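Residue numbers (this note's numbering): 5 to 100. Even glycine gets a Cβ: it sits at the ideal position worked out from N, Cα and C. Fair warning: this is a prediction, and the values are worked out from it, not measured in the lab. Reading through the structure tokens given below for one structure.
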């Protein structure tokens with residue numbers, strides 16, 4: 005039997021999968037895909053736990069893909085190319 009936290013996690017995962025499916029159905033709508041990603045990750049985290057989720061996504065085989073993933077959405081939403089985004093972040097970190 006599932007406890008309440010895992011039931012909520014399964015529900016969030018299912019809702020995230022629904023949003024992802026609708027996002028693909030409506031010609032890759034950005035808003036639906038973003039909501040699907042957030043709900044899916046929140047559901048997986050609540051279902052298997054925070055540390056297990058971190059262990060799953062930080063496996064050496066998956067690490068390269070996880071490192072590259074944030075580059076495209078950040079540059080797309082901010083209107084910056086990847087080089088400019090990284091150069092600004094390096095300048096910011098150097099100024100601290």
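Secondary structure note for residue 13: its alpha helix (DSSP H) is the uninterrupted segment 8-29. Taking 8 Å as the cut-off, the Cβ atoms of residue 20 and residue 44 count as close.
It is roughly 42 Å from the alpha-carbon of residue 98 to the alpha-carbon of residue 10. Inclusion of residue 13 and residue 40 in the CB contact set at 8 Å is not warranted, their separation being larger than that value. DSSP places residue 32 in no alpha helix (DSSP H); its state is neither H nor E. With respect to residue 24, residue 37 sits close: the two C-beta atoms are nearer than 8 Å.
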